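Read through the structure below, which is laid out as structure tokens, and then see the notes.
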Amino acid sequence: MPHSAKFGSSERAIQAHYDLSNEFYKLWLDDAMVYSGAMFLSESDSLEHAQINKLDHHIRASGADTARSVLDIGCGWGAALSRVVATCGAERITGLTLSNAQADYIAELGLGGCEVRVENWQDHYPLEPYDSIISIGAFEHFAKLDDSQAQKLESYRAFFKHCQDALLVPGGYMSVQTFAYGSRKPRQEMVGTRATAFLSKEIFQETDPPHLLDIVQAVQGHFEIVELRNDRSDYVNTLREWISRLDTHRERAIELVGLDQVETYERYLKYSILGFQSGNLDLYRIKLKCLDKPWTSTR
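Quick note: the sequence shown uses UniProt numbering, first residue 1, plus one each step.
Encoded structure:
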């Protein structure tokens, strides 16, 4: 069995969502095609400005602004890669995605000095580790809905161990953004809700987000948590912007993907707002420092 088939959502499941239509996503995302919660630092921030705030936050938190080499795990349509190319002095910049449509889109951007690979993080073994890692909106896909709690933790630990062993220099920083189950209800109750069933079937197939405790347990021995933010209100504001833009371009969206698909996305975005408003879902931004590998005696 291929290594990449062991943990998290399959390539097929990722492509079912992200390869739907680049033109469709362009209608309602920001200009840079950022498909994750923005960072609204003031009430006057536009979605575009708030997404730049978010990208700059992760660039600073990961140390990408001073790094020679940067890895973006789950690079989407290339917004973070573009920002790193434009504002940082890194010589080696790599993005990983499982979406062919996203890789094709980034190729058209013509980002100099940037390599994009359609490759799972589990299969990425660079000749040299990176100085900095950014991962925005990928961690949600690292466990499946039907995984047991033990299997979820195994997946998350495998990710952090691989980053420590092969992807990041000791003492290097990684900045992760992920949505997660909140603390209001146990996972068992959340998995059984109508909203979760709908999202796992129609939107994020094979995906089950983490709890904060999962992340805290999984980093043990691999990373130190340096900073943790829960910015779930930012996702509420982001989702409202997406819904408004999709509504503005609804007729064109129907032309591109059909009425059923548009209605499915409208329902998904509204369910998501309710989740973040209620605290059933959280939005975590986490700065992590890679620990030295444990010393083991050869005697």
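C-beta: ideal position from N, C-alpha, C; glycine also.
Since the structure is predicted, the reported quantities are computational estimates derived from the model, not experimental observations.
Would you kindly check if the distance between the Cβ of residue j and the Cβ of residue i is under 7 Å?
{"i": "ASN53", "j": "MET39", "result": "yes"}
{"i": "GLY172", "j": "CYS290", "result": "yes"}
{"i": "THR94", "j": "LEU71", "result": "yes"}
{"i": "ARG83", "j": "LEU55", "result": "yes"}
{"i": "TYR181", "j": "HIS211", "result": "yes"}
{"i": "ARG68", "j": "ASP131", "result": "yes"}
{"i": "LEU27", "j": "ALA253", "result": "yes"}
{"i": "ALA61", "j": "CYS88", "result": "no"}
{"i": "VAL85", "j": "ALA103", "result": "no"}
{"i": "PRO170", "j": "ASP292", "result": "yes"}
{"i": "PHE159", "j": "PHE142", "result": "yes"}
Just the Cα atoms here: how many angstroms apart are residue i and residue j?
{"i": "LEU288", "j": "GLU227", "result": "7 Å"}
{"i": "CYS114", "j": "THR97", "result": "13 Å"}
{"i": "LEU256", "j": "ALA101", "result": "15 Å"}
{"i": "LEU258", "j": "GLU251", "result": "What sits at residue 258 in the sequence shown is Gly, not Leu. Their Cα atoms are separated by approximately 9 Å."}
{"i": "LEU168", "j": "LYS161", "result": "10 Å"}
{"i": "ASN230", "j": "HIS249", "result": "31 Å"}
{"i": "LEU109", "j": "ILE286", "result": "28 Å"}
{"i": "ALA80", "j": "TRP121", "result": "17 Å"}
{"i": "HIS57", "j": "THR66", "result": "14 Å"}
{"i": "THR207", "j": "LEU127", "result": "30 Å"}
{"i": "SER42", "j": "HIS49", "result": "10 Å"}
{"i": "GLN177", "j": "SER233", "result": "14 Å"}
{"i": "SER99", "j": "VAL118", "result": "7 Å"}
{"i": "TRP77", "j": "LEU20", "result": "13 Å"}
{"i": "CYS163", "j": "SER183", "result": "27 Å"}
{"i": "LYS270", "j": "ILE134", "result": "28 Å"}
{"i": "LYS144", "j": "PRO209", "result": "8 Å"}
{"i": "SER4", "j": "GLU154", "result": "Its pLDDT being 48, under 50, SER4 is placed unreliably in this model, and the coordinates cannot settle the point."}
{"i": "ILE273", "j": "HIS124", "result": "34 Å"}
{"i": "ASN237", "j": "ALA150", "result": "34 Å"}
{"i": "GLU224", "j": "ASP165", "result": "15 Å"}
{"i": "ARG92", "j": "ALA32", "result": "21 Å"}
{"i": "PHE24", "j": "SER36", "result": "16 Å"}
{"i": "ASP221", "j": "TYR284", "result": "Sequence inspection shows Gly at residue 221; the Asp mentioned does not correspond to that position. Cα to Cα, GLY221 sits roughly 21 Å from TYR284."}
{"i": "TRP242", "j": "ARG157", "result": "33 Å"}
{"i": "ILE106", "j": "GLY275", "result": "31 Å"}
{"i": "MET1", "j": "MET174", "result": "With a pLDDT of only 34 at MET1, under 50, the local geometry of the prediction cannot be trusted, and the value read off the model is given with reservation. Spanning the two alpha carbons is a distance of roughly 29 Å."}
{"i": "GLN261", "j": "ASP45", "result": "30 Å"}
{"i": "VAL34", "j": "ILE73", "result": "14 Å"}
{"i": "LEU246", "j": "GLN51", "result": "17 Å"}
{"i": "LEU239", "j": "LYS152", "result": "27 Å"}
What is the residue span of the beta strand (DSSP E) that residue i lies within?
{"i": "ASP30", "result": "No beta strand (DSSP E) contains ASP30, which DSSP labels as neither H nor E."}
{"i": "GLU115", "result": "114–118"}
{"i": "GLN164", "result": "No beta strand (DSSP E) holds GLN164; DSSP gives it neither H nor E."}
{"i": "ARG92", "result": "92–97"}
{"i": "SER82", "result": "No beta strand (DSSP E) contains SER82, which is instead part of the alpha helix (DSSP H) from 79–87."}
{"i": "ASP131", "result": "130–136"}
{"i": "SER69", "result": "69–73"}
Assuming residue i is part of the alpha helix (DSSP H), what are its boundary residues?
{"i": "residue 329", "result": "In the structure as shown, the chain starts at 1 and stops at 299, and residue 329 therefore has no counterpart that could be examined."}
{"i": "ALA101", "result": "100–109"}
{"i": "TYR35", "result": "Note, TYR35: premise wrong, no alpha helix (DSSP H); not H, not E."}
{"i": "LEU41", "result": "Counting along the chain, LEU41 falls outside any alpha helix (DSSP H), and DSSP gives it neither H nor E."}
List in chain order: all unbroken beta strand (DSSP E) runs of 3+ residues lying wholly within the stretch 200–287.
As far as the stretch 200–287 is concerned, its whole beta strand (DSSP E) runs of at least 3 residues are 223–230.
Do the stretch 138–147 and the stretch 262–280 meet, that is, are 3 or more Cβ pairs less than 8 Å apart?
Touching, no.
Does the stretch 216–223 come close enough to the stretch 267–285 to have 3 or more Cβ pairs within less than 8 Å?
Output reads no: the stretch 267–285 does not touch the stretch 216–223.
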